[in-house]
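Sequential numbering of the sequence shown, starting at 627, is according to the working numbering.
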Amino acid sequence: MTLAEGDVGLRPIRARDQRAWREVSGRNRDWLRRWEATVPPPPPGRLAGPRPTFRQMVRFLRAEASAGRMLPFVVTHRGALVGQLTVGGITWGSMCSANIGYWIDEAVAGRGIMPTAVALATDHCFGVLGLHRIEICIRPENLPSRRVVEKLGFREEGLRTRYLHIDGDWRDHLVYVLTAEEVPEGMLSRWRALRPGRNR
Numbered sequence: 627m628t629l630a631e632g633d634v635g636l637r638p639i640r641a642r643d644q645r646a647w648r649e650v651s652g653r654n655r656d657w658l659r660r661w662e663a664t665v666p667p668p669p670p671g672r673l674a675g676p677r678p679t680f681r682q683m684v685r686f687l688r689a690e691a692s693a694g695r696m697l698p699f700v701v702t703h704r705g706a707l708v709g710q711l712t713v714g715g716i717t718w719g720s721m722c723s724a725n726i727g728y729w730i731d732e733a734v735a736g737r738g739i740m741p742t743a744v745a746l747a748t749d750h751c752f753g754v755l756g757l758h759r760i761e762i763c764i765r766p767e768n769l770p771s772r773r774v775v776e777k778l779g780f781r782e783e784g785l786r787t788r789y790l791h792i793d794g795d796w797r798d799h800l801v802y803v804l805t806a807e808e809v810p811e812g813m814l815s816r817w818r819a820l821r822p823g824r825n826r
């Protein structure tokens with residue numbers, strides 16, 4: 627499954643993305659380190675496990691996708707890999723919700739690529755999958771990421787204290803939320819209206 631709007635695309639991550647993914651993530655290591663999830667120290671008496679390889683990561687993500695719990699995408703711009711977006715925590719039943727996480731190459735940040743990617747993913751979740759609620763949790767200090775969701779009309783719902791282990795410690799996160807009823811016209815339509823004539 628591939629989603630696209632102009633020069634921006636989302637497609638499933640694959641093993642052959644390894645070289646491009648490592649190049650982009652490696653070049654952005656210092657820029658992304660403050661926002662990347664880390665594994666907390668193991669309990670006393672237990673050793674930390676090895677860091678997964680790229681192929682192990684892809685196998686895990688694709689297995690979760692096959693089980694219907696996740697949609698792991700790479701973000702592309704004009705065909706080149708420029709980031710990653712994952713729809714995770716997909717829950718059905720009485721909740722019908724998911725969360726979205728993402729990162730982007732600093733070299734192309736601020737061009738509307740990530741808001742377009744989030745809009746594509748949100749429309750797919752609401753319109754195709756039939757989910758009802760999307761959450762995006764962001765560290766309060768991450769102003770660029772907060773601007774992405776605020777542009778799209780996600781509303782701030784509250785603070786989750788010491789929510790995720792990021793950059794070596796448990797960090798607070800702001801919760802941004804959107805439900806299907808809040809965007810009857812579709813997220814992409816809303817985003818297009820905000821950016822008339824702009825290259826997406």
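All C-beta atoms, glycine included, are put in the ideal place defined by N, C-alpha and C.
Q: Please confirm whether Arg637 and Phe680 have their CB atoms less than 8 Å apart.
A: no
Q) So what does Ala724 bridge to, in DSSP terms? A) Ile760
Q | Asp795, DSSP secondary structure in three states | A | Reduced to three states, the DSSP call for Asp795 is strand.
Q) Cα separation between Glu732 and Arg773? A) 15 Å
**Q.** Simplified DSSP assignment, three categories, for Gly753
**A.** Reduced to three states, the DSSP call for Gly753 is helix.
Q: Give a yes or no on contact between the segment 683-694 and the segment 760-769, applying the rule of three or more CB pairs nearer than 8 Å.
A: no
(Q) Judging by CA-CA distance, which residue of Arg660, Met683, Arg821 and Phe699 is the nearest neighbour of Thr712? (A) Phe699
Q) Just curious, the alpha helix (DSSP H) that Pro770 is in, first and last residue? A) In the DSSP assignment, Pro770 falls within the unbroken alpha helix (DSSP H) covering Leu769 to Leu778.
Q) Between Ile639 and the rest of its own chain, which residues show a CB-CB distance below 8 Å, the 5 nearest in sequence each way excluded? A) Trp647, Val684, Leu687, Arg688, Pro698, Phe699, Val700 and Gln710
Q.
If I follow the unbroken alpha helix (DSSP H) through Ala689, where does it start and stop?
A. Phe680 to Ser692
Q) With contact counted as at least three CB pairs below 8 Å, one residue from each stretch, are the segment 783-802 and the segment 748-755 in contact? A) Result no; under three Cβ-Cβ pairs closer than 8 Å.
Q. Expressed to the nearest angstrom, what Euclidean distance is found between the alpha-carbon atoms of Cys751 and Leu800?
A. The C-alpha of Leu800 is placed about 21 Å away from the C-alpha of Cys751.
Q.
Residues in the same chain with beta-carbon distance under 7 Å from Trp817, minus the five sequence neighbours each way, listed in chain order, please.
A. Pro741, Thr742, Ala745 and Leu778
Q | Extent of the continuous alpha helix (DSSP H) to which Val650 belongs | A | Gln644 to Arg653
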